[in-house]
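Residue 243 in numbering that gives the first Met the number 0 is what sits at position 244 of the sequence shown, and the numbering runs on without skipping anything. Think of the CB as a built atom: it goes at the ideal place given N, C-alpha and C, for glycine as much as any other residue. Note that this is a predicted model, so its numbers are computed, not measured.
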Amino acid sequence: MSKDLIVIALGGNAIKQADQWGTTEEQLRNVDVTAQQIAKIIANGYRVVVTHGNGPQAGALLIQQEEAEQFVPAQTLAACGAMTQGQIGWAMQNRLSYHLKKAGVMSPVCTVVTQVQVSDDDPDFKDPSKPVGPFYTKDEAKQLETEKKYIVKEVKPNTDKPWRRVVPSPEPIDIIEKDSINALLSSGAIVIASGGGGIPVRQMPDDGLEGVDAVIDKDRAGFKLAQAVKADKFIILTDVENAYIRYNTPEQKALKEISIAEAEKYLEDGEFLKGSMGPKIEAAVRFVKWSKKEAIITSLHKALDALEGKNGTHIIP
Ligand code: ADP
Ligand code: MG
0 MSKDLIVIAL GGNAIKQADQ WGTTEEQLRN VDVTAQQIAK IIANGYRVVV THGNGPQAGA
60 LLIQQEEAEQ FVPAQTLAAC GAMTQGQIGW AMQNRLSYHL KKAGVMSPVC TVVTQVQVSD
120 DDPDFKDPSK PVGPFYTKDE AKQLETEKKY IVKEVKPNTD KPWRRVVPSP EPIDIIEKDS
180 INALLSSGAI VIASGGGGIP VRQMPDDGLE GVDAVIDKDR AGFKLAQAVK ADKFIILTDV
240 ENAYIRYNTP EQKALKEISI AEAEKYLEDG EFLKGSMGPK IEAAVRFVKW SKKEAIITSL
300 HKALDALEGK NGTHIIP
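Next comes the structure, spelled out in structure tokens:
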């Protein structure tokens, strides 16, 4: 009997650790460790869809676009999203196939380059919130503002280069490739999709879709993906084993099992940081409300134990 269908959302550290330079070899080694854990989950009978962040990879690619502009044109942010989905998808296909074969599992592994629809009316288009790419001095930032119409903000005051480009981080509305993803799943494939939160696209009057220079939060998009494939569980893997209350204080307490109501109360109380744990809890709550099933937040190495109920933070109806 086949077990539950699980959407696994991988955090940045599954691909590049903060203290690493980020070479191809380094990233493949990290993905190898990640893939080994995911293969264990699949070998235990679960069906799996993987999604992942792309912050460090997209950031590196944006630097390459800017530095090489005298030779070749800079590609758009949407194009960089597509490129990093391919890059990370390849690494995952390569290492996951390897570990699945070793475990005697013959499932094919396939990445779907995924577009995610956003709305022009999203409030984040008026006041963009997501810093991307390199840091600049004020002069450099102002020049980019004039020349390239970038929106720039001072994000790290009192440093050499405190300014950064900011882009909108709109809500994901729909996973465009959901039918392809579901077709692959029903054929027995392990699917990697909606990497980096997906390539943001907007609906055009002629019914086409146009790439948007924005970045979608990968945990929010992960929920839309879980909805699109009708997942039984949504598990968000990051660099901490639990969500905590009173995080980083002497009274820190790991949350083992919390209801939607408790999660919402803690969110309101500001227990989870906005740019990191906050979106994970929000995405988990959305999933639990929609599915009436559980969502889990834990670290990569506790993932299988957490699925068996032994570890991690479980958000339940
Ligand atoms: P990812 O790349 O996995 O999305 P993030 O850095 O965005 O990683 O989110 C994970 C981080 O959230 C943890 O490393 C931790 O520092 C931070 N965090 C903020 N608030 C909390 C909390 N209440 N409990 C646990 N972690 C928290
Ligand atoms: Mg994050």
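In the DSSP assignment, find the beta strand (DSSP E) that holds lysine 129 and state where it starts and stops.
-> Your numbering for residue 129 matches position 130 in the sequence shown. Start and end: 129 to 135.
Who are the Cβ neighbours of isoleucine 280 in its own chain at under 8 angstroms, not counting the five residues just before and after it?
-> Working through the sequence shown from its first residue, we reach residue 280 at position 281. Contacts found: Ala242, Ala262, Tyr265, Leu266, Phe271, Ile296 and Ile314.
Residues near methionine 203 in its chain [Cβ-Cβ closer than 6 angstroms; skip 5 each side] | As a position in the sequence shown, residue 203 is number 204, starting the count at 1. Once the five neighbours on either side are set aside, the close Cβ partners of methionine 203 are Glu209.
Taking DSSP as the reference, what is the three-state secondary structure of arginine 285?
-> Counted from its first residue, the sequence shown places residue 285 at position 286. Correct three-state label for arginine 285: helix.
Residue from Glu153, Ala302 and Lys217 whose Cα sits closest to the Cα of glycine 277 | By 1-based counting over the sequence shown, the position of residue 277 is 278. When each option's Cα is compared against that of glycine 277, the closest is Lys217.
Pull up the distance between the alpha-carbon of lysine 252 and that of glutamate 240, whole angstroms please.
-> In the sequence shown, counting from the first residue as 1, residue 252 sits at position 253. In the sequence shown, counting from the first residue as 1, residue 240 sits at position 241. Straight-line Cα distance between these residues: approximately 12 angstroms.
How many whole angstroms separate the CB atoms of glutamine 92 and threonine 113, which I take to be in contact at a CB cut-off of 8 angstroms?
-> Sequence index remark: in the sequence shown, residue 92 carries index 93 (1-based). Sequence index remark: in the sequence shown, residue 113 carries index 114 (1-based). At roughly 15 angstroms, the Cβ-Cβ gap does not stay under 8 angstroms, so glutamine 92 and threonine 113 are not in contact.
Would the C-beta of asparagine 310 count as close to the ligand ADP, meaning under 7 angstroms from any of its heavy atoms?
-> Position 311 of the sequence shown holds residue 310. No.
C-alpha gap between isoleucine 180 and alanine 73, whole angstroms | Looking up residue 180 in the sequence shown gives position 181. Looking up residue 73 in the sequence shown gives position 74. Distance between the alpha carbons of isoleucine 180 and alanine 73: 30 angstroms.
Leucine 60 to glutamine 19 span [Cα, whole Å] = Working through the sequence shown from its first residue, we reach residue 60 at position 61. Working through the sequence shown from its first residue, we reach residue 19 at position 20. Approximately 16 angstroms, taken between the alpha carbons.
Could you say if the region 133 to 148 and the region 171 to 190 meet the contact criterion of at least three C-beta pairs nearer than 8 angstroms?
-> no
Same chain, Cβ closer than 7 angstroms to threonine 33, neighbours up to 5 away in sequence not counted = Within the sequence shown, residue 33 is the residue found at index 34, counting from 1. Cβ neighbours of threonine 33 beyond the five flanking positions: Leu9, Ala13 and Leu299.
Consult DSSP for valine 214 and reduce its assignment to one of helix, strand or coil.
-> Here residue 214 refers to the residue found at position 215 when the sequence shown is read from its first residue. Note: valine 214 maps to coil in three-state DSSP.
According to the neighbour-count rule (16 or more other Cβ atoms, all chains shown, within 10 Å of its Cβ), is threonine 50 buried or exposed?
-> Mapped onto the sequence shown, residue 50 falls at position 51. Threonine 50 should be labelled buried.
At what residue ranges does the region 166 to 211 contain a whole run of the beta strand (DSSP E), taking only runs of 3 or more?
-> 189 to 192, 198 to 202 and 208 to 210
Bridge-paired residues (DSSP) for glutamine 114 = Start at 1 with the first residue of the sequence shown, and residue 114 comes out as number 115. Answer by DSSP bridge pairing, in chain order: Ile198.
Is it buried or exposed for glutamine 69, if we count other Cβ within 10 angstroms and need 16 for buried?
-> Numbered from 1 along the sequence shown, position 70 holds the residue referred to as residue 69. Burial call: exposed.
Alpha carbon to alpha carbon, what distance is there between glutamine 35 and glutamate 256?
-> For the purposes of this step, residue 256 is identified with residue 257 of the sequence shown, where counting begins at 1. For the purposes of this step, residue 35 is identified with residue 36 of the sequence shown, where counting begins at 1. Between glutamate 256 and glutamine 35, the C-alpha separation is close to 27 angstroms.
Taking 7 angstroms as the line, does the beta carbon of serine 275 fall inside it for any heavy atom of the ligand MG?
-> Along the sequence shown, one-based indexing puts residue 275 at 276. Within the cutoff, so yes.
Does the beta-carbon distance from valine 115 to isoleucine 215 come in below 8 angstroms?
-> For the purposes of this step, residue 115 is taken as residue 116 along the sequence shown, with counting starting at 1. For the purposes of this step, residue 215 is taken as residue 216 along the sequence shown, with counting starting at 1. Yes, the Cβ-Cβ distance between valine 115 and isoleucine 215 is below 8 angstroms.
Between the region 192 to 201 and the region 80 to 90, do at least 3 Cβ pairs fall closer than 8 angstroms?
-> yes
Would you report the Cα separation of tryptophan 162 and glycine 58, rounded to the nearest angstrom?
-> Within the sequence shown, residue 162 is the residue found at index 163, counting from 1. Within the sequence shown, residue 58 is the residue found at index 59, counting from 1. Approximately 14 angstroms, taken between the alpha carbons.
Own chain partners of serine 128 with C-beta closer than 7 angstroms, once the 5 adjacent residues on each side are dropped | As a working mapping, residue 128 is identified with position 129 in the sequence shown. Only Val165 and Ser168 meet the Cβ criterion.
From aspartate 121 to glycine 274, what distance separates their C-alpha atoms?
-> Sequence index remark: in the sequence shown, residue 121 carries index 122 (1-based). Sequence index remark: in the sequence shown, residue 274 carries index 275 (1-based). For aspartate 121 and glycine 274, the distance between alpha carbons rounds to 18 angstroms.
What does DSSP give as the partner residues of leucine 236 in its beta bridges?
-> Numbered from 1 along the sequence shown, position 237 holds the residue referred to as residue 236. Answer is Leu9 and Thr297.
Does the ligand ADP have even one heavy atom less than 7 angstroms from the beta-carbon of threonine 50?
-> To locate residue 50, count along the sequence shown from 1; it is residue 51. The answer is no for threonine 50.
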